[in-house]
Structures are given as structure tokens and as C-alpha cells.
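Peer 1: In the numbering used here, the protein residues as written are 50 to 122.
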Amino acid sequence: MTETKEKKEPSLWDVTKSVLAAFLGVQSRKNYERDFTYGKPWQYIIIGLVGVGIFIALVITVVSIVLSNAGIS
């Protein structure tokens, strides 16, 4: 049986799930093989940078809220 090209290439949602799994350090073998066989590196780099940016903004927001509530800042 042959799979169609759309079935082999990871979608944007698949790439996002793979990047989130990488942030957590978990990934299934099947997805790992799909990512390295059919994925495009630039997709993972862009989604990874966006994810890191969101994470940094979240940490800054939480820290500033905590410091504000503590009366420090």
C-alpha cells in the first residue's frame, strides 16, 4: 500500500504537537520517524521560536504579577 503525500507530510498541527512534545521531552517513535523523514526543518524552527517566545512572555507575566502582589515592584 502507498500513502498519499498529504498523509506522509506532517501538518502544521502535527508540527506544533511535535514541538510541544519536545518541550516536555516526550515523543512517540512513530512521530519521531515521521518528523525526521518527511518534516521540513524550517517549520520546526519557526514553531519552536514562537513557542519559546510565548513561554518567555508567560514567565515574565507571572513573575511581574507575583512581584506586584508582593509589593516589591
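The beta carbon of each residue, even a glycine, is placed where N, CA and C say it ideally should be.
#1: Among residues of its own chain, excluding the 5 on either side of Glu55, which ones have a beta-carbon nearer than 6 Å to its beta-carbon?
#2: Three or more beta-carbon pairs under 8 Å between the segment 55–69 and the segment 79–86, yes or no?
#3: Contact defined as beta carbons within less than 8 Å: I believe Gly97 pairs with Val68. What is the distance between those atoms, to the nearest angstrom?
#4: Quick check on DSSP: helix, strand or coil for Gln76?
#5: Any idea what DSSP makes of Ile105, helix, strand or coil?
#6: So is Ile103 buried or exposed if we call it buried at 16+ other beta carbons inside 10 Å?
Peer 2: In short:
#1: Confidence at Glu55 is low in this model, with a pLDDT of 49, below 50, so its placement is unreliable and no value can be given for it.
#2: yes
#3: 5 Å
#4: coil
#5: helix
#6: exposed
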